[in-house]
């Protein structure tokens with residue numbers, strides 16, 4: 020796991036270093052950084068449950084590389100809590116509950132297009148899995164039985180960001196895995212396992228950004 024995180028940090032360092040190198044009009048490039056934090060609502064396609072029922076949070080650091088009209092790249096390293104949750108539904112005679120808890124290091128690489136009302140953002144997000152656990156009927160979390168969750172994820176990001184005074188911003192994003200995070204499970208599943216297809220992460224995130232420099 021340490022090797023995976025190191026690879027993401029190397030990618031992050033390389034991209035931010037590129038942002039500081041001379042370009043055709045280097046005086047037009049602004050370089051800023053700060054902190055990111057906020058709640059994460061998540062679900063997993065293919066796990067047998069539905070809806071953004073799993074609440075977590077994310078936090079980390081961001082680097083912004085923008086031009087004079089505030090278009091540019093946002094590069095981040097984030098700790099993010101993902102997963103899904105299906106509560107019991109006694110009215111449907113379903114008395115079991117299931118929770119899947121994933122921990123990731125995300126490295127979203129987002130292009131931000133500045134407009135009069137808000138910034139439109141889109142990009143990709145490589146991720147490294149830290150841990151994958153499950154809980155059945157509100158018991159203690161245990162390691163996933165099967166299928167094995169892949170150590171890497173790659174998703175797309177779309178979102179909107181509103182900038183406020185003195186380097187503060189509020190954003191909302193949707194992220195979706197492009198590649199599956201698990202294979203198709205075996206036919207003979209262990210008791211209590213509900214998924215029947217490949218699984219994909221999907222999150223709805225609300226975030227706050229506080230930059231070091233007030234110019235944004």
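Residue numbers (our numbering): 20 to 235.
Backbone N, C-alpha and C fix where the C-beta goes; we use that ideal spot for every residue, glycine too.
Margin query: Quick check: residue 121 and residue 151, are their CB atoms within less than 7 Å of each other?
Written below: Against a cut-off of 7 Å, the Cβ pair of residue 151 and residue 121 comes out as a contact.
- Mind reading off the beta-carbon distance from residue 201 to residue 220? Whole number of angstroms is fine, and I expect it under 8 Å. Contact between residue 201 and residue 220 does not hold, since their C-beta atoms are separated by about 10 Å, which reaches or exceeds 8 Å.
From residue 127 to residue 96, what distance separates their C-alpha atoms?
Taking the CA atoms as reference points, residue 127 sits about 7 Å from residue 96.
Locate the beta strand (DSSP E) running through residue 129, then write down its first and last residues.
Taken as a continuous stretch (DSSP letters only), the beta strand (DSSP E) holding residue 129 covers 128-133.
Taking the beta strand (DSSP E) that residue 58 belongs to, which residues open and close that run? Counting along the chain, residue 58 sits inside the beta strand (DSSP E) bounded by residues 49-64.
Problem - Through-space distance from residue 229 to residue 183, alpha-carbon basis - result: Take the alpha-carbon of residue 183 and the one of residue 229: they are about 10 Å apart.
Practice prompt. Decide if residue 224 is buried, meaning its Cβ has at least 16 other Cβ atoms within 10 Å, or exposed.
Written response: Buried, since its Cβ has 16 or more Cβ neighbours within 10 Å.
- Task: Name the two residues that bound the continuous beta strand (DSSP E) containing residue 81.
- Result: For residue 81, the uninterrupted beta strand (DSSP E) run begins and ends at 73-85, by DSSP.
Cutoff 6 Å; reference residue 188; Cβ partners in own chain excluding five residues on either side
180, 182, 228, listed in sequence order.
Nearest CA to the CA of residue 62: which residue from 72, 86, 83, 82? Residue 62 has its Cα closest to that of 72, out of 72, 86, 83, 82.
- Task: Measure the C-alpha to C-alpha separation of residue 173 and residue 233 and round it to an integer number of angstroms.
- Result: Separation of residue 173 and residue 233 (C-alpha to C-alpha, rounded to the nearest whole angstrom) is 32 Å.
*If you draw a straight line from the alpha carbon of residue 203 to that of residue 94, how long is it in whole angstroms?*
It is roughly 33 Å from the alpha-carbon of residue 203 to the alpha-carbon of residue 94.
Practice problem: Taking only the alpha-carbon atoms, compute the straight-line gap between residue 90 and residue 132 and give it to the nearest angstrom. | Solution: A straight-line Cα-Cα distance of about 5 Å links residue 90 and residue 132.
>> Using C-beta distances below 8 Å, list every residue in its chain close to residue 226, excluding the 5 sequence neighbours before and after it, in chain order.
In response: When the five nearest sequence neighbours on each side are left out, the beta carbons in the same chain lying within less than 8 Å of the beta carbon of residue 226 are those of 55, 56, 57, 77, 189, 190, 191, 192, in order along the chain.
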